[in-house]
Structure formats: C-alpha cells, structure tokens
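Per the working numbering, numbering of the sequence shown is gapless, rising by one per residue and ending at 157.
Have a look at the structure below, then the notes.
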Amino acid sequence: MIAENEINLQEIHEKLNNLCLDGEVCSNCEKNKCLIFFAKKVASYVLTKKVTTIRQGMAMIPNHDLKTYSEDDMIETLAMVLQQCKDCRDNHDDDCTINLIRTCMEYALFGDKLPYQGSVTLYLLEAQKSNGRVGDTLKAKYLNRKKTK
9 MIAENEINLQ EIHEKLNNLC LDGEVCSNCE KNKCLIFFAK KVASYVLTKK
59 VTTIRQGMAM IPNHDLKTYS EDDMIETLAM VLQQCKDCRD NHDDDCTINL
109 IRTCMEYALF GDKLPYQGSV TLYLLEAQKS NGRVGDTLKA KYLNRKKTK
C-alpha cells in the first residue's frame with residue numbers, strides 16, 4: 009500500500025481532463041458511464057482528500073464504456089499512471105487509487121482489465137501479450153518517461 013505523500017497525480021489529472029471527449033463525441037455526457045470521467049473523479053478525490061484507496065472502487069468502474077479515445081493519449085496517460093505505481097507486489101490493493109485509474113485506461117485501450125501482480129515489469133509483459141503493438145508502445149513511453157524524470 010502506498011502513502012498519500014508518495015503519489016503525485018496532478019499531471020495525470022490534467023492529462024485526463026484533456027482526454028475527455030466533452031461534446032466531441034458525447035453530446036449528452038453520461039458521467040456515470042464514462043471511464044475518463046470516473047478516472048478524473050478518482051484523481052480529483054486523491055488531490056483533495058489525500059487518500060490512497062477508495063473502498064470498493066473497482067466495483068464502481070464503468071467498464072462498459074465503448075467510446076473510442078485517442079490511443080496515443082491513452083497510452084501516454086497509462087505510462088504516467090505506471091510511473092506512480094510503487095511496485096507493491098504482495099501488498100497490491102485493487103482499490104488503490106493508482107490501480108483504479110490504471111484499470112480505466114486498460115478498459116479503454118484493451119477492452120478489458122489486465123492482470124496486475126504488483127509489478128510494473130510484469131504488467132508490461134501482460135500488456136504486450138494482450139496487444140503487442142499497444143504493449144510495445146506503452147513500454148517505450150513508460151521507459152522514456154522513467155528516463156527523463
């Protein structure tokens with residue numbers, strides 16, 4: 009489990025705001041059915057309440073959102089989220105705020121959630137198995153971000 013002072017979601021929150029289709033595709037925003045809205049809500053909650061978990065958060069994810077988002081922007085956002093992951097291994101918590109946001113990105117990119125075993129390295133292998141092209145791009149963006157930070 010991560011401590012509140014170990015995460016920084018400001019950049020992710022801003023990127024999520026840019027991902028919102030806000031009228032481009034959604035003439036009537038259905039917030040409760042939107043992956044991006046949910047992820048933004050989680051990030052906002054973290055920023056204001058300084059929490060690291062949301063009880064039963066996984067059950068709240070609107071995993072039937074079928075909108076098509078910008079793949080490049082989704083991958084970039086997922087790489088940002090992975091940077092915040094603390095490789096918690098056996099201490100992984102599905103309701104961790106980082107996990108919730110990551111899972112939203114997975115549903116949008118892969119159409120389903122991917123197994124997460126508390127390790128970014130293992131996760132990147134799962135992403136590559138699920139979709140080689142997206143997995144390769146995600147790995148490259150993650151490693152590039154890690155190198156520059």
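From the three backbone atoms N, C-alpha and C, an ideal C-beta is built for every residue, glycine too.
*Measure how close the beta-carbons of T85 and L24 come, nearest whole angstrom, since I'm counting them as under 8 Å.*
7 Å
*Spatial neighbours of G143 within its chain, please: CB distance less than 6 Å, with the 5 preceding and 5 following residues excluded, ordered by chain position.*
A135, Q136
*asked:* Just verifying my parser: in three-state terms, what is the DSSP assignment at C96?
replied: coil
*With T111 and M68 assumed to form a contact (beta carbons below 8 Å), what rounded beta-carbon distance in angstroms separates them?*
The pair is not a contact, with the Cβ atoms about 11 Å apart (cut-off 8 Å).
*Would you kindly work out how many angstroms separate the C-alpha atoms of K149 and K75, rounded to a whole number?*
23 Å
*Opening and closing residue of the alpha helix (DSSP H) in which G119 lies*: Run containing G119: none; DSSP gives neither H nor E here.
*asked:* Measuring only the C-alpha atoms, how far is N26 from N99?
replied: 32 Å
*Buried or exposed: which applies to V59, given that a residue is buried once 16 or more other Cβ atoms fall within 10 Å of its Cβ?*
exposed
*Expressed to the nearest angstrom, what Euclidean distance is found between the alpha-carbon atoms of G140 and E114?*
14 Å
*With burial defined as no fewer than 16 other Cβ atoms inside 10 Å of the residue's Cβ, what is the status of K164: buried or exposed?*
Residue 164 lies beyond the range of the chain shown here (9 to 157); nothing can be said about it.
*Own chain residues within Cβ distance below 8 Å of C34, not counting five before or after*: C42, K75
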